[in-house]
Amino acid sequence: MTGTVVRAAQVSLLALMALCGQAQAGDDQPKVTDAHFTIAPGYLKPSDLPDSLALLGPPPGAGSAALARDEEARKATLTLRGSDRWKLAVQDADLVFPRPADNFSCALGVPIDEQNTPHLFGLMKKMMSDAGLSTYGVKNKYERTRPFVVHSEATCTPDQEPILHDDGSYPSGHTAAGWAWALTLSEIAPDRANELLARGIAFGQSRVMCDAHWQSDVDGGRIMGAATVAKLHTDPVFLEDLRAARGEVEAARAKGLKPTQDCSAEAAALALQ
């Protein structure tokens, strides 16, 4: 099958999984609309996830300065639509592995894949579930409308719009996952912390550029990503995987392995924001 057909099939499967997730949600499991966050089991039980209802307030209200800031942030991205930075935002929107691992490989300086860094690859998949699910208490309470719906615009990923349309905008699950990855990768490779944290920031800003989230959604997502990492550090299985992942990165460096992505092109695209 072509890449377009494969991606369409993946999106259809995710939509079906999301419907199943809504139907099966119990008292300790939030209703999950974006099934990207249920593909792999996380490290944490639902009861151990950070509570977004305790950590975040409501989204900006009509006429507030915070909402005006959201609108200004959205408008600031309009001139970049169709640019290389926009194309990078499309890649950041794709949470089907191995794409997320590829997105952070340049910042880490070594490939993140099942062959060379299997523990790290698996850790990122499981963390995505924990970070994404941590956002759903507030998502489900406020069910904030996304900017592309408010403004009747297209996003950078039209195939995902049916899922996004009914998934609360605040806070951003993509951003929560991206920031959690950036923090954890920085712990694994502290000498690359600046590059990794900058990539994590850009990963969240890609959601604003895609018109899929407001800036305040992204800000809230970073809070939940950081809270998730704090919780994960109480989990012995995560800590063991973290230790193994650090060893894999050290071994990859010793072998002189480099990312297969065009890191120069990525850096040039990121410089546009």
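Numbered by mature numbering (1 follows the signal peptide of the UniProt record, and there is no 0), the letters in the sequence shown go through residues -25 to -1, 1 to 248 in order.
Just so it is clear, CB atoms sit at the ideal spot from N, CA and C, and this is done for glycine as well.
Only a predicted model underlies this, so the values are computations on that prediction, with no experimental measurement involved.
Residue i classed as buried or exposed, judged by whether at least 16 other C-beta atoms fall within 10 angstroms
i           : result
residue 250 : Residue 250 is absent from the model: the chain starts at -25 and stops at 248.
Asp88       : buried
Val193      : buried
Arg218      : exposed
Cβ neighbours of residue i in the same chain (closer than 8 Å, five flanking residues each side left out)
i      : result
Ala240 : Asp59
Lys62  : Ala244
Leu30  : Ile198, Met199, Ala202
Limits of the unbroken alpha helix (DSSP H) element including residue i
i      : result
Ser58  : That residue, Ser58, is in no alpha helix (DSSP H); it is neither H nor E in DSSP.
Ala151 : 148 to 163
Leu171 : 168 to 184
Gly107 : 93 to 108
His140 : 136 to 140
Asp216 : 211 to 229
Leu24  : That residue, Leu24, is in no alpha helix (DSSP H); it is neither H nor E in DSSP.
Pro122 : 122 to 125
Lys116 : 111 to 117
Test item: CB-CB of residue i and residue j under 8 Å
i      : j      : result
Gly222 : Ala152 : no
Leu95  : Val204 : no
Asp105 : Leu24  : yes
Asp237 : Tyr18  : no
Arg121 : Ala187 : yes
Thr150 : Gly97  : no
Ser147 : Arg182 : yes
Cys131 : Pro234 : no
Gln90  : Ala177 : no
Pro35  : Leu28  : no
DSSP three-state assignment for residue i, whether helix, strand or coil
i      : result
Ile87  : coil
Gly32  : coil
His188 : coil
Phe72  : coil
Ser144 : coil
Cys81  : helix
Ile198 : helix
Glu46  : helix
Thr13  : helix
Asp67  : helix
Thr130 : coil
Cβ-based neighbour list, residue i, same chain, cut-off 6 Å, excluding 5 preceding and 5 following
i      : result
Ser15  : The identity of residue 15 in the sequence shown is Ala, whereas the question assumes Ser. Lys100, Lys101, Ser104.
Phe213 : Tyr18, Leu207
Glu170 : Ala82
Own chain, CB closer than 7 Å to residue i, minus 5 neighbours either side, in chain order
i       : result
Ser144  : Arg119, Thr120, Arg121, His188, Trp189, Asp192
Ala(-3) : At Ala(-3) the pLDDT is 33, less than 50, meaning the model places this residue with poor confidence and gives no usable figure here.
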